[in-house]
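Q: One structure coming up, written as structure tokens, with questions to follow.
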Amino acid sequence: MTEADAKMVKFAADRMLGRLVKWLRVLGQDVIYGPHLTGYGLIRAARLERRLILTRDRRLKQKQPPEFLFIESDHYREQLRQVIQHCQLSVAQSLFTRCVECNSVLQPRPKPTVEKVVPPYVFSTQEKFSWCPICQRVYWPATHHQKMVEELKKIGVG
Ligand SMILES: [Zn+2]
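Below, the structure is given as structure tokens:
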């Protein structure tokens, strides 16, 4: 699925949903999130970029928001399941393609260029690296990826 795909959903999440946001980004979903994204700030940002609002705030309805999804559960697994089902997200292809911290799309990075950036053990045991051009974080498929995949299987979406 490409950015140009008309069915691609983009999200704007309120600040009560930090854990859900990280998981959606692990799945490669475009989610904006931050301390300024609450109440009218959230509504303004969502309208501007045509994003679906994800919220736990029952009072948001009274502020005439654009399209939104009220998140039922307090638990991130249930929250993730709700969003995936509601938006019929396909999760397999875009897994680990987005920076979990800042929401940018990751880019591949040749191994020799990360030698001074990652721990020596990582450099000697990993072959594939990607990085975030905005916050400069380097990513590699390691044990935490495996744990995340297992977690997703538990949720029933992996
Ligand atoms: Zn980043």
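All residue numbers for the sequence shown refer to my numbering, where the first residue is 9 and numbers rise by one.
Glycine included, C-beta positions come from ideal geometry on N, C-alpha and C.
Leu-4 by DSSP, collapsed to three states: which one?
A: Absent from the structure is residue 4, since the part of the chain shown begins at 9 and ends at 166.
Q: Where does Gln-101 sit, in a helix, a strand or coil, going by DSSP?
A: coil
Q: If you draw a straight line from the C-alpha of Ile-163 to the C-alpha of Lys-71, how long is it?
A: Distance between the alpha carbons of Ile-163 and Lys-71: 33 angstroms.
Q: Measuring alpha carbon to alpha carbon, tell me which residue in Ile-92, Arg-55, Asp-22, Arg-67 is nearest Val-34.
A: Ile-92
Q: At a threshold of 8 angstroms, does Arg-145 count as lining ligand 2 (C-beta to nearest heavy atom)?
A: Ligands displayed in this structure: ligand 1; ligand 2 is not among them.
Q: Shorter than 8 angstroms, the distance from the beta carbon of Glu-109 to the closest heavy atom of ligand 1, or not?
A: yes
Q: Would you mind giving the Cβ-Cβ distance between Gln-90 and Glu-80, rounded to the nearest angstrom? I have them listed as a contact below 8 angstroms.
A: 6 angstroms
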